[in-house]
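**Student:** Quick note, the sequences are listed as chains L and D, same order. Read in the working numbering, the first sequence has 252 at position 252, and its numbers run on one by one without any break. Residues are numbered in the working numbering as their position in the second sequence, beginning at 1, plus a constant of 1000. Below is a structure I'd like to ask you about.
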Amino acid sequence: MVEINNCCTVSPDKPLAPKTEVPQRPNRLKNIMIGLGGLVVWFVAYKQLLPFSKYFTFEILGLSSASHLGQAIQFFVYDTPKVMMLLTLVVFGVGIIRTFFTPERTRKILAGKRESVGNVFAALLGIVTPFCSCSAVPLFIGFVTAGVPLGVTFSFLISAPMVNEIALVLLYGLLGWKIAALYLVTGLLVAIVAGWTIGRLGMENHIEDWVREMRTNVDDVPDECHSWRERVQMGLAAVKDIVGKVWIYVVAGIGVGAAIHGYVPEGFMVSIMGKGAWWSVPAAVLVGIPMYSNAAGIVPVIHALLEKGAALGTVLAFMMSVIALSLPETVILRKVLKPRLIATFVGVVGCGILLVGYLFNLLI
Amino acid sequence: MEIKVMGPGCPKCAEAEKIVKDAVAKAGIAATVEKITDFQEMAKYGVLSTPAVVIDGEIKCVGRVPTANDLAGWLK
């Protein structure tokens, strides 16, 4: 039998390099140098992408820079490696950060917090805590039974899927840093305010009875402790896992985006999703609820819509609704929440997203 | 030895179950492997994120798929 061991020893599928195995100290410097070297290579290659895409399309293929086909191909050849490189770097970085923030640790931080402060913390921790939507229910139970206030728990549950590194990288890569920052800030605000509002409504008795009767201790699950080597390996595993899953959406999305970029006339979406159509924001939210997609699938579509004249607020509302309010998740949550609380959750978050949509259509 | 793999049924949870079963078969020890999909049962163990592996009532890992090496250590 194994004796009590607090560390879930992470053993890599493939070690970084067999040489880094035994003497720790001298190799640390070497590993840092390798990391920095990799970063420099990454950066230099990244800077070459735009000139390369132009050279490839207009010189090697000999297409005219004014032609539809030339524009579409240059767009694709530039954007695909750009987004993939950004994604790899950020997923690796976030993968390492996440080894410090397990859901268990996040719960410990939140259990002692007052409501308003707790909502802010919960939304922020939602960005860095690893979360998969099939864990939503055990996580909900674990938070609520350990004394995390209901509204604070909701702030976390809203922020975790909606504001994540993949969404931010894709928005940055395809639409620029301003829109990525806007999304980050408004996504956090929706999570904070919606969670706070739900907390104010005092709906604790709309949690299923068996959950309310349960008490858990935040110290039940032992912390995992990791060495830096393990953290780096977990970062690499995250890259393999996430980039391996997401790349197909990115390529397909950019492909569609490239076709639209080259061929669909400007202003095509103005009448349907433009600022003039007041009903388009609520329509975007409603259409988004039954749609279930991750950020990787939705951002390239958003990109195409925006480019052809859809209003930014409408498009952001659509994206938030698709990611944050999903039918499958509400069905799972029904196991621990009574219908009225689910309806309140969807209603409050929906209203928050609606406000974001109108606000941006008004301001920008 | 009593092994419980907890997860509602997402691909990662299925992967965890498979790795556990393979490891048990490889180690050639007598162990029962049970897949737990009931949230109430998971909550009793204090499991917050899935997949999770519990061996003889002790949480071994949560929120990730264990590796074959992890299991080799736990099954010793």
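Just so it is clear, CB atoms sit at the ideal spot from N, CA and C, and this is done for glycine as well.
(1) Straight-line CA distance for L:Tyr55 to L:Leu36?
(2) Classify D:Gly1028 as buried or exposed, calling it buried when 16 or more other Cβ atoms lie within 10 Å of its own Cβ.
(3) In chain L, which residues lie with their C-beta within 7 Å of the C-beta of D:Ala1030?
(4) Should D:Asp1038 be labelled buried (16 or more other beta-carbon atoms within 10 Å of its own) or exposed?
(5) What does the Cβ neighbour count give for L:His303, buried or exposed, with the cut at 16 atoms within 10 Å?
(6) Which value, in whole angstroms, describes the spacing of the CA atoms of L:Val120 and L:Ser155?
(7) On the criterion of 16 or more Cβ atoms from any shown chain inside 10 Å, does L:Ala310 qualify as buried, or is it exposed?
(8) Count Cβ pairs between the region 40–57 of chain L and the region 70–82 of chain L that sit closer than 8 Å; are there 3 or more?
(9) Compute the distance between the beta-carbons of L:Ile298 and L:Ile323, then report whether it is under 8 Å.
(10) Anyone know if the C-beta pair for L:Leu333 and L:Val137 falls short of 8 Å?
(11) Give the residues from the region 1038–1069 of chain D that approach chain B closer than 7 Å (Cβ to any Cβ), ordered along the chain.
(12) Grab the span of the beta strand (DSSP E) containing D:Met1006 for me, first residue to last.
(13) Could you check the C-alpha separation between L:Ile242 and L:Thr88 for me, to the nearest Å?
(14) Residues of chain D with CB closer than 9 Å to the CB of L:Pro103, please, in chain order.
(15) Pairs of beta-carbons, one from the region 185–195 of chain L and one from the region 158–167 of chain L, closer than 8 Å: are there three or more?
(16) Go ahead and label D:Asp1056 buried or exposed: buried means 16 or more other beta carbons lie within 10 angstroms of its beta carbon, across all protein chains shown.
(17) Strictly by DSSP, which residues pair up with L:Ala295?
(18) Establish whether the CB of L:Arg231 and some CB of chain D are separated by less than 8 Å.
(19) Just tell me which of D:Glu1015, D:Thr1050, D:Gly1009 and D:Ala1025 has its CA closest to the CA of L:Phe140.
(20) Using the Cβ count rule (16 or more neighbours within 10 Å means buried), how would you classify L:Val94?
(21) Under three-state DSSP, which class holds L:Leu341?
(22) In terms of residues, what are the limits of the alpha helix (DSSP H) holding L:Thr330?
(23) Could you tell me the alpha carbon to alpha carbon distance between L:Ser326 and L:Pro290, rounded to whole angstroms?
(24) In the DSSP assignment, what residue or residues form a beta bridge with D:Glu1034?
(25) Check the Cβ-Cβ distances between L:Lys335 and every residue of chain D, and say whether any is below 8 Å.
(26) Flag this pair as touching only if the region 342–351 of chain L and the region 1016–1036 of chain D have three or more C-beta atom pairs under 8 Å; answer yes or no.
(27) Roughly how far, in whole angstroms, is the beta-carbon of L:Met320 from the beta-carbon of L:Val348, given that I think they are within contact range, below 8 Å?
(28) Could you have a look at D:Ala1016 and say whether DSSP puts it in helix, strand or coil?
**Tutor:** Quick answer:
(1) The sequence position of residue 55 of chain L within the first sequence is 55, counting from 1. The sequence position of residue 36 of chain L within the first sequence is 36, counting from 1. C-alpha separation (whole angstroms): 29 Å.
(2) Taking the second sequence and counting its residues from 1, one reaches residue 1028 of chain D at position 28. Its Cβ having fewer than 16 others within 10 Å, D:Gly1028 is exposed.
(3) Residue 1030 of chain D sits at position 30 when you count from the first residue of the second sequence. D:Ala1030 does not reach chain L, its nearest Cβ partner there being about 13 Å away, counting only Cβ pairs nearer than 7 Å.
(4) For the purposes of this step, residue 1038 of chain D is identified with residue 38 of the second sequence, where counting begins at 1. In the assembly as shown, D:Asp1038 is an exposed residue. Its beta-carbon has fewer than 16 other beta-carbons within 10 Å.
(5) Here residue 303 of chain L refers to the residue found at position 303 when the first sequence is read from its first residue. Buried, because 16 or more other Cβ atoms sit within 10 Å of the Cβ of L:His303.
(6) Start at 1 with the first residue of the first sequence, and residue 120 of chain L comes out as number 120. Start at 1 with the first residue of the first sequence, and residue 155 of chain L comes out as number 155. Here the alpha carbons of L:Ser155 and L:Val120 stand approximately 8 Å from one another.
(7) Reading the first sequence from its first residue, position 310 is the one you call residue 310 of chain L. Counting Cβ neighbours within 10 Å, L:Ala310 comes out buried, since at least 16 surround it.
(8) The region 40–57 of chain L vs the region 70–82 of chain L: in contact.
(9) The residue given as residue 298 of chain L occupies position 298 in the first sequence. The residue given as residue 323 of chain L occupies position 323 in the first sequence. Yes. Within cutoff.
(10) One-based indexing of the first sequence puts residue 333 of chain L at position 333. One-based indexing of the first sequence puts residue 137 of chain L at position 137. For L:Leu333 and L:Val137, yes; Cβs fall inside 8 Å.
(11) In summary, chain B is missing from the structure at hand, where the protein chains are L and D.
(12) Taking the second sequence and counting its residues from 1, the one referred to as residue 1006 of chain D is at position 6. D:Met1006 -> beta strand (DSSP E) spans Glu1002 to Met1006.
(13) Here residue 242 of chain L refers to the residue found at position 242 when the first sequence is read from its first residue. Here residue 88 of chain L refers to the residue found at position 88 when the first sequence is read from its first residue. Their backbone Cα atoms lie some 9 Å apart in a straight line.
(14) Locating residue 103 of chain L in the first sequence gives position 103, where the first residue counts as 1. Neighbourhood of L:Pro103 in chain D, by CB distance below 9 Å: Leu1048, Ser1049, Val1062 and Gly1063, in chain order.
(15) Because the criterion of three Cβ pairs below 8 Å is met, the region 185–195 of chain L and the region 158–167 of chain L touch.
(16) Mapped onto the second sequence, residue 1056 of chain D falls at position 56. The Cβ neighbour count for D:Asp1056, taken over all protein chains shown within 10 Å, is under 16; the residue is labelled exposed.
(17) Sequence index remark: in the first sequence, residue 295 of chain L carries index 295 (1-based). Paired residues: none, contrary to the question.
(18) Along the first sequence, read from residue 1 onward, the residue named residue 231 of chain L stands at position 231. With 8 Å as the cut-off, L:Arg231 does not count as an interface residue toward chain D.
(19) As a position in the first sequence, residue 140 of chain L is number 140, starting the count at 1. Ranking the options by Cα distance to L:Phe140, first place goes to D:Thr1050.
(20) Reading the first sequence from its first residue, position 94 is the one you call residue 94 of chain L. Buried.
(21) Residue mapping note: residue 341 of chain L aligns to position 341 of the first sequence, counting from 1. In this structure, L:Leu341 counts as helix in the three-state DSSP scheme.
(22) Position 330 of the first sequence, counted from the first residue, corresponds to residue 330 of chain L. Its alpha helix (DSSP H) spans residues Leu327 to Leu333.
(23) Taking the first sequence and counting its residues from 1, one reaches residue 326 of chain L at position 326. Taking the first sequence and counting its residues from 1, one reaches residue 290 of chain L at position 290. For the pair L:Ser326 and L:Pro290, the Cα-to-Cα distance works out to about 6 Å.
(24) Taking the second sequence and counting its residues from 1, one reaches residue 1034 of chain D at position 34. BP columns for D:Glu1034 point to D:Lys1004.
(25) For the purposes of this step, residue 335 of chain L is taken as residue 335 along the first sequence, with counting starting at 1. Yes, contact with chain D.
(26) The count of Cβ pairs closer than 8 Å, one atom from the region 342–351 of chain L and one from the region 1016–1036 of chain D, stays below three, leaving the stretches out of contact.
(27) Indexing the first sequence from 1 puts residue 320 of chain L at position 320. Indexing the first sequence from 1 puts residue 348 of chain L at position 348. Going by Cβ atoms, the distance from L:Met320 to L:Val348 rounds to 13 Å, so no, they are not a contact pair.
(28) Along the second sequence, one-based indexing puts residue 1016 of chain D at 16. Under the three-state reduction of DSSP output, D:Ala1016 falls in the helix class.
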